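Here the protein sequences come in this chain order: V and L.
Using the working numbering, the first residue of the first sequence is number 1, and each one after it goes up by one.
Using the working numbering, the first residue of the second sequence is number 1001, and each one after it goes up by one.
The beta-carbon is built from N, C-alpha and C at its ideal position, and this holds for glycine as well.
Predicted model, so just to flag it, every value in this text is computed and none were measured.
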Amino acid sequence: MLHILSLLFWLLIIPYCIGLIPARYITADKKDPGVVLLSGYFLMWSLFEVIAIPAVFWVKYNNFTKASICFMVVSLLCAAAGLWLTYRMHKTQGTSRSVRGPGALFKPLPPAQRIEWVLFFILLGVQLYMSVSHASFDGDDAYYVVESLIAQQADVMYRILPYTGRPTDPDIRHALAVFPMWIAYVAVKSDIHATIVSHVVMPLVLIPLSYLVYYEIGRILFCRRGEADGSVFHSENLPVFMCVMAFFQIFGNVSIYTNETFFLTRTWQGKAVAGSLVIPALFWVILRIYDGAKESRKDTGLWILLTCVNTAAGLCSSIAVFLVCILMAVTALCLAAVERDHKVVVKMAAACIPNVIYMSVYAYLAYGYLLR
Amino acid sequence: MWGIFLESVVIFKNYMGFDQNGYLAGIYLFMLLYLWLTEKDKRIKAVLVYAPTVILLLFFCPLFRKAFVRILDDSETYYRLLWLLQMSLVSAYGMIKLCGRHRRIGLVLMCAAVIVCGDFVYDSENITKAENAYHLPQDAVDIVDLVEPEEGRITILVPADLIYYIRQYSTNIELPYGREMLIARWDYWHDMYMAMEQAKVIDTASFVELARTYPCAYIVLSEDRQMKEPLTGYGYALYDRVGEYLIYKDMETDIATVK
C-alpha cells in the first residue's frame, strides 16, 4: 500500500503541484488539469536533468543519492511554490485565471460522443492491460533498465558497465540522457525494484500521458476553431480523433523503427518517450501558442513550457535534443513565413537555449580533450 | 550523392515497412497532400503540413544526411528524423477533416483503413505473456535467486539466451561478457564467449582454465550443451537445475569469488 501511495505522490501529486507554476502564467481558457499535469512533468524532468547531469560527471561517489536528495528538495520546494502561487492567485484575482477543476476533464459526456469516448477508453485500457500482462523483449533493456537498477542497488550513475558490471567512465552520449536515473529515483522512493518500475509502472504513467498530449492537441484542432472551415471542427470529433490515434498506435507496428512501435514495446526507454511524448508535446505547445490572435501569444507560461519540453528532450536522449532543434527551427521558419513575422524565429530560438547548452556540454565532454 | 540519396530511400522504405505490406505511409502521404490542398488555417498548415514536408525533403537530402551523420557520429539512428513527421497525428487530422462530417461511418472507415494498412503490435514475436512482475524469464530469476550471495558480488557464466536478463534482476551478479557480444555488427571479440558459444563442442580443459581467470563462481549450461568431458571432473559440482539449465558450482574457487 505504501508503495502505491509513494507512486501516487511522486508521479501524480508532485508533478501536478509543480505544474501549477507555469500554469500560473497561462490564461484560464488555455489550461485544464491535464495541461497542469503535463506542464509539471516537463518542468520536473527539466529540473531532474539540471541536477543529475552535473552529479553524473562531477560527483564520483554515491552520486545517485546526492542527486536524489537535491532533486527531492528542489521538487518539494517547487511543488510548494506552485501551491503558494495558486493560493495567491485565488486571493488576488479570484478564479478568473485559475485552473478549471477536475470536472473540466470528467464532466458528463454528451450523449452524442459517449460511444466514441467509451471506445477510446476501451482501447486505452487494452494498451494498459497489455503493457502489464505482457512482456516485450528488447535488447536495449540490458543497458537502460540495468542502469536504473545499478543506481538503485549500487548508488552509482553511469560508472559501472551495465552489460558486465565492470567499472567504467561515463559514456557521454548515454550518460547525458538521465531518464533511467529518474526511473531509479521513482524506484527508490517507492521501494520497488527498478525493473518492475520500468516494465510495469512506467507504461501505466507514460501511455496515459502521451494520450493526454494528443487530447490537448485534439482540443486545439477540433474544439476551438470557428465555423469558417466547416462542420468537422467541433468537439464531437475530439473523441473520434482520440480513437483514430489509438488505432494508429496499436496498428503502427509496420516496422521496428516507428515511434508507434517504440511507444508500445519500449515505453520505458527515453528514446520512446522522446518520440511519443516530447515531440508531440512540442507540436501541442507550438499549436497552442500560435492558436489565435497575436495578442494571445504572450502567455509566459506557454513559453516556459516550450522551454521545458525542449529541456526534457535531453533527459530522454542525446539525439532527441538534436531532433527537437531541427523541428523547432523548421517550424519557426514556416510559421515566420506564413505570419510574415521574423520575431517568431527569435522567440523559438530562445526556447532552444537549453538545447544549445546541452549540446555545448556534450561537445565539451566528448571533444574537450582537444582543447587541453 | 546519388548513393546517399538511395540509402535514404532504403531507410524510408524499411521504416515504413513496405517489404511487410505496411502501407500507413500511403495514408500519411495522401493526407499530407490533402491537407496541402484543403487546410485553410495558415498556422496549423505551417505546423502540420509545411514543417513535416520540409523535414521529409531534408530527410532525402544527401547533404543534410552527411551533416547529420557527421555531427552525431552515428548513421544507425538517422531513421529517427522521421519521428518528427508525427505521421499518426497528421494522418488522423487529415482523415477526420476528410470524413468528419459523417462521424460514425467515418470512424469505422478510418479505423478499418488503419487496420488494413498497419500491423498489429501485439502479435509481434517479441511480445509474450509476462512470467512475473519483472517481465523477465522465470528461469533467469530462479537462477539468480539460487546463486546470488547474501553480501558482495560474484561473476557467473550463462548461455547467450540469458545474458540480457540476469543483470536486470540483480546487479550483484557480474558477467564475463555481456550483450555487446551478441550484436554481430558491433564486432566485439571475447575469448570466453568464443569458448562458451562458438565452439561446437566445448573443450572442457581450456574452458575451465579461462572461466577461473575471472573467476566464475558458477557456470550455467543448457542441458544439451556438448562438452568433451564433464565439468564435474574439473572441480565443479552440479549445484542445481532450473528448467533446461544445469548450474555448476566451482568448488575450487568457492570463497575467493565473492567480492
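Test: residue i CB closer than 7 angstroms to a CB of chain L
| i | result |
| --- | --- |
| V:Met130 | yes |
| V:Ala187 | no |
| V:Gln153 | yes |
| V:Leu370 | no |
| V:Ile192 | no |
| V:Ile319 | yes |
| V:Ala135 | yes |
| V:Ser255 | yes |
| V:Val213 | no |
| V:Glu227 | Any reading at V:Glu227 must be qualified, since the residue scores a pLDDT of 49, below 50, and its modelled position is unreliable; the value itself is stated next. Not one chain L Cβ lies under 7 angstroms of V:Glu227. |
| V:Tyr61 | no |
| V:Asn237 | yes |
| V:Leu37 | no |
| V:Val146 | yes |
| V:Leu206 | no |
| V:Asn259 | yes |
| V:Thr27 | no |
CB contact below 7 angstroms: residue i versus chain V
| i | result |
| --- | --- |
| L:Asp1119 | yes |
| L:His1135 | yes |
| L:Lys1013 | no |
| L:Met1194 | no |
| L:Gly1017 | yes |
| L:Cys1061 | no |
| L:Gly1152 | no |
| L:Val1047 | yes |
| L:Ile1127 | yes |
| L:Gly978 | Residue 978 of chain L lies beyond the range of chain L shown here (1001 to 1259); nothing can be said about it. |
| L:Arg1167 | yes |
| L:Leu1107 | yes |
| L:Ile1027 | no |
Three-state secondary structure assigned by DSSP to residue i
| i | result |
| --- | --- |
| V:Ser136 | strand |
| V:Ile183 | helix |
| V:Lys31 | coil |
| L:Lys1066 | helix |
| L:Glu1244 | coil |
| L:Ser1088 | helix |
| L:Leu1072 | helix |
| L:Cys1216 | strand |
| V:Pro170 | coil |
| L:Ser1222 | strand |
| L:Thr1077 | coil |
| V:Thr86 | helix |
| L:Glu1174 | strand |
| L:Ala1256 | Here L:Ala1256 scores only 45 on pLDDT, less than 50, and its place in the model should not be relied on; the value that follows carries that caveat. It is coil, neither helix nor strand. |
| V:Ile319 | helix |
| L:Gly1017 | coil |
| L:Ile1202 | strand |
| L:Thr1232 | helix |
Where residue i meets chain V, residues with beta-carbon distance less than 8 angstroms
| i | result |
| --- | --- |
| L:Gly1178 | Ala142, Leu161, Pro162, Tyr163, Thr164 |
| L:Met1227 | Going along chain V, no residue has its Cβ under 8 angstroms from L:Met1227, so there is no contact; the nearest lies around 24 angstroms. |
| L:Arg1065 | The contacting residues do not exist; L:Arg1065 stays about 12 angstroms from chain V at best. |
| L:Glu1174 | Thr164, Gly165, Arg166 |
| L:Cys1111 | Cys243, Val244, Phe247 |
Contacts of residue i in chain L (Cβ-Cβ under 9 angstroms)
| i | result |
| --- | --- |
| V:Glu216 | By Cβ distance, chain L contributes nothing, its closest Cβ being about 12 angstroms from V:Glu216, past 9 angstroms. |
| V:Glu49 | Here the premise fails: no neighbours, minimum Cβ distance about 19 angstroms. |
Short CB-CB distance (under 7 angstroms) between residue i and chain C
| i | result |
| --- | --- |
| L:Tyr1164 | The structure shown has no chain C; the protein chains it does contain are V and L. |
Within chain V, partners of residue i - CB distance below 7 angstroms
| i | result |
| --- | --- |
| L:Gln1086 | Ile279, Pro280, Phe283 |
| L:Ala1092 | Phe241, Val244, Met245, Phe248 |
Chain L residues whose Cβ lies nearer than 7 angstroms to that of residue i
| i | result |
| --- | --- |
| V:Cys316 | Going along chain L, no residue has its Cβ under 7 angstroms from V:Cys316, so there is no contact; the nearest lies around 11 angstroms. |
| V:Tyr290 | Arg1043 |
| V:Leu149 | Gln1168, Thr1171 |
| V:Ile196 | Ala1133, Tyr1134 |
Cross-chain neighbours of residue i in chain V, by beta carbon under 9 angstroms
| i | result |
| --- | --- |
| L:Leu1081 | Leu323, Ile326 |
| L:Gln1020 | Val254, Ser255 |
| L:Val1114 | Val244, Phe247, Phe248, Ile250, Phe251, Gly252 |
Touching or not, the stretch 306-317 of chain V and the stretch 48-65 of chain V, by the rule of three or more beta carbon pairs under 8 angstroms? yes
Hey, is the stretch 1090-1106 of chain L in contact with the stretch 239-250 of chain V, meaning 3+ C-beta pairs nearer than 8 angstroms? yes
When the Cβ atoms of the stretch 56-65 of chain V are set against those of the stretch 169-180 of chain V, are three or more pairs found closer than 8 angstroms? yes
Given 8 angstroms as the limit, is there contact between the stretch 1148-1161 of chain L and the stretch 1123-1134 of chain L, that is, 3 or more CB pairs closer than that? no
What are the residues in the stretch 264-287 of chain V lying within 8 angstroms of chain L by C-beta distance? Leu264, Thr265, Lys271, Ala274, Gly275, Ile279, Pro280, Phe283, Ile286, Leu287
Closer than 8 angstroms, Cβ to Cβ, to anything on chain L: give me those residues from the stretch 334-365 of chain V, in chain order. Cys334, Leu335, Ala337, Val338, Glu339
The stretch 181-190 of chain V touching the stretch 246-255 of chain V, judged by at least three CB pairs closer than 8 angstroms: no
Measuring CB atoms only, is the stretch 319-337 of chain V touching the stretch 1045-1059 of chain L, in the sense that at least three cross pairs come out at less than 8 angstroms? yes
Indicate whether the contact test is met: 3 or more Cβ pairs, each with one atom in the stretch 1003-1010 of chain L and one in the stretch 1058-1065 of chain L, closer than 8 angstroms. yes
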